[in-house]
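Below is one structure, written out as structure tokens; the observations come after it.
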Amino acid sequence: MRKNHILYIVVPCYNEEEVLEETINQLKDKIESLIQRKIIHKKSKVMFVNDGSVDHTWDLILDISHKDNHFTGISLTRNRGHQNALLAGLLTAKNYADVIVSMDADLQDDINAMDEMLQKYYDGCDIVYGVRSERKKDTWFKRTTAELFYRFMKFMGVEIISNHADYRLTSKRVLENLADFQETNLFLRGMFPFIGYKSDIVYYKRKKRFAGKSKYPFSKMISFALDGITSFSIKPIRMILHLGVFIFFISILMIIYSIIRKLMGETIDGWTFIVCSIWLVSGMQMLSIGIIGEYIGKVYNETKKRPRYIISRNLEEE
Ligand code: UDP
Ligand code: MG
Numbered sequence: 000m001r002k003n004h005i006l007y008i009v010v011p012c013y014n015e016e017e018v019l020e021e022t023i024n025q026l027k028d029k030i031e032s033l034i035q036r037k038i039i040h041k042k043s044k045v046m047f048v049n050d051g052s053v054d055h056t057w058d059l060i061l062d063i064s065h066k067d068n069h070f071t072g073i074s075l076t077r078n079r080g081h082q083n084a085l086l087a088g089l090l091t092a093k094n095y096a097d098v099i100v101s102m103d104a105d106l107q108d109d110i111n112a113m114d115e116m117l118q119k120y121y122d123g124c125d126i127v128y129g130v131r132s133e134r135k136k137d138t139w140f141k142r143t144t145a146e147l148f149y150r151f152m153k154f155m156g157v158e159i160i161s162n163h164a165d166y167r168l169t170s171k172r173v174l175e176n177l178a179d180f181q182e183t184n185l186f187l188r189g190m191f192p193f194i195g196y197k198s199d200i201v202y203y204k205r206k207k208r209f210a211g212k213s214k215y216p217f218s219k220m221i222s223f224a225l226d227g228i229t230s231f232s233i234k235p236i237r238m239i240l241h242l243g244v245f246i247f248f249i250s251i252l253m254i255i256y257s258i259i260r261k262l263m264g265e266t267i268d269g270w271t272f273i274v275c276s277i278w279l280v281s282g283m284q285m286l287s288i289g290i291i292g293e294y295i296g297k298v299y300n301e302t303k304k305r306p307r308y309i310i311s312r313n314l315e316e317e
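Going by numbering that gives the first Met the number 0, the sequence shown wraps up at 317, each residue one higher than the last.
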């Protein structure tokens with residue numbers, strides 16, 4: 000593959016004035032060194048996405064992009080959250096770049112892993128996931144909740160790469176495919192494995208936030224997980240159906256049991272009738288909700304209008 004592609008590094012920023020100067024310095028060195036080594040094209044840039052910051056983040060971005068043409072930025076009209084800011088950055092950057100890397104502004108992701116990512120890209124990967132090999136620098140709470148998060152997601156039927164956040168390399172065509180997904184609730188981490196293509200993993204050590212505070216409190220993590228599950232999986236609905244079948248089955252056993260007790264004359268009047276009704280009716284209800292749920296699941300999948308397949312190569316066009 001021809002080397003020297005144009006790389007855009009997309010960095011979402013929300014109130015990151017404390018850390019941005021250092022991020023700019025480090026990314027500047029990185030991008031210059033990659034250009035010097037002829038790994039990337041000299042038109043490569045860092046694209047900051049200002050996610051409605053209320054501090055001086057945007058001023059800093061404006062300032063550096065005037066001073067240095069390896070820096071550029073876009074600004075959202077208001078705070079829309081990390082995932083939307085990232086999406087805005089990725090879909091904008093793809094118009095100018097051949098290959099795009101996304102990373103956080105706080106330097107927690109080791110920027111040196113980018114060399115290996117690019118190597119894998121030139122070796123033919125369309126997606127390279129940055130995966131944290133250790134999280135010693137995170138607090139115990141953050142580590143445990145994150146671990147639970149990945150397990151729970153997988154259990155709920157969401158294809159997701161463990162310990163991979165949003166530090167990843169994607170080729171231009173992957174993002175062009177991503178743009179074809181019309182759903183509003185786009186859960187990016189689940190989307191890339193879903194899109195497909197040849198992919199690989201690069202391991203790196205997760206560092207401490209360089210400065211400033213985490214913008215992902217526990218409550219946001221919960222809603223992030225719920226978003227991920229409900230936008231990728233109908234497993235919760237299926238669980239209701241399974242529960243319905245299970246309760247229905249138990250209800251049959253309960254009916255047999257209460258009739259036997261009735262025949263043995265061990266029950267007071269009316270007991271058998273009440274027990275049978277409760278089990279039968281609730282079993283039937285649960286089952287019916289599950290069946291209705293299955294249809295809702297279908298409607299949900301249809302409304303997403305996801306592309307049914309993505310072609311990676313078409314020899315007619317080559
Ligand atoms: N971020 C954003 N919008 C938000 C919250 C966060 O663009 O509403 C950015 C933030 O500036 C950072 C990245 O998303 O670059 C990850 O956020 P943070 O480091 O706070 O999350 P954590 O690493 O603690 O999970
Ligand atoms: Mg962080």
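Where is the CB? At the ideal position from N, CA and C, for every residue including glycine.
Legend entry - C-alpha gap between residue 277 and residue 242, whole angstroms: Within the sequence shown, numbered from 1, the residue matching residue 277 stands at position 278. Within the sequence shown, numbered from 1, the residue matching residue 242 stands at position 243. Cα to Cα, the separation comes out at about 16 Å.
Legend entry - residue 0 in three-state terms, based on DSSP: In the sequence shown, counting from the first residue as 1, residue 0 sits at position 1. Because residue 0 sits at a pLDDT of 49, beneath the cut-off of 50, its placement in the model cannot be relied upon, and the point is left open.
Legend entry - Status (buried if at least 16 other CB within 10 Å, exposed otherwise) for residue 97: Numbered from its first residue, the sequence shown carries residue 97 at position 98. With 16 or more other Cβ atoms within 10 Å, it is buried.
Legend entry - Test item: CB-CB of residue 113 and residue 29 under 8 Å: Translated into the one-based positions of the sequence shown, residue 113 becomes position 114. Translated into the one-based positions of the sequence shown, residue 29 becomes position 30. Yes; because the gap between Cβ atoms is below 8 Å, this pair is in contact.
Legend entry - Any residue whose CB is nearer than 6 Å to a heavy atom belonging to the ligand MG, listed in chain order: Here the residues close to the ligand MG, judged by CB distance below 6 Å to any of its heavy atoms, are 103, 105, 107, 208, 213 in chain order.
Legend entry - Of the residues 287, 99, 59, the one placed nearest residue 239, counting alpha carbons only: Residue numbering aside, residue 239 sits at position 240 when the sequence shown is read from its first letter. Of the candidates 287, 99, 59, the one whose C-alpha sits nearest the C-alpha of residue 239 is 287.
Inset, instruction - Report whether the distance from the Cβ of residue 123 to the nearest heavy atom of the ligand UDP is below 7 Å. - result: As a first step, residue 123 is located in the sequence shown; it is residue number 124 there, counting from the start. It does not: the Cβ of residue 123 is nowhere closer than 7 Å to a heavy atom of the ligand UDP.
Inset, instruction - Take the Cβ of residue 169 as the centre, count every other Cβ of all protein chains shown within 10 Å, and call the residue buried at 16 or more, exposed below. - result: Residue numbering aside, residue 169 sits at position 170 when the sequence shown is read from its first letter. Residue 169 comes out buried.
Legend entry - Per-residue DSSP class, three states only, for residue 12: Reading the sequence shown from its first residue, position 13 is the one you call residue 12. Three-state DSSP puts residue 12 in a strand.
Inset, instruction - On the DSSP bridge assignment, give the partners of residue 199 in chain order. - result: Translated into positions along the sequence shown, residue 199 becomes position 200. Answer is 127.
Inset, instruction - Just tell me which of 104, 57, 117, 213 has its CA closest to the CA of residue 21. - result: Residue mapping note: residue 21 aligns to position 22 of the sequence shown, counting from 1. Of the candidates 104, 57, 117, 213, the one whose C-alpha sits nearest the C-alpha of residue 21 is 104.
Inset, instruction - Can you tell me which of the three DSSP states residue 152 falls into? - result: As a working note, residue 152 is residue 153 in the sequence shown. Residue 152 falls in the helix class under three-state DSSP.
Legend entry - Terminal residues of the alpha helix (DSSP H) in which residue 172 lies: On the sequence shown, residue 172 is found 173 positions in, with the first residue counted as 1. Where residue 172 is concerned, the enclosing alpha helix (DSSP H) stretches over 171-178.
Inset, instruction - Tell me whether the beta-carbon of residue 46 lies closer than 8 Å to the beta-carbon of residue 71. - result: Position 47 of the sequence shown holds residue 46. Position 72 of the sequence shown holds residue 71. For residue 46 and residue 71, yes; Cβs fall inside 8 Å.
Legend entry - Residue of 165, 230, 166, 138 minimising C-alpha distance to residue 217: The sequence position of residue 217 within the sequence shown is 218, counting from 1. Ranking the options by Cα distance to residue 217, first place goes to 138.
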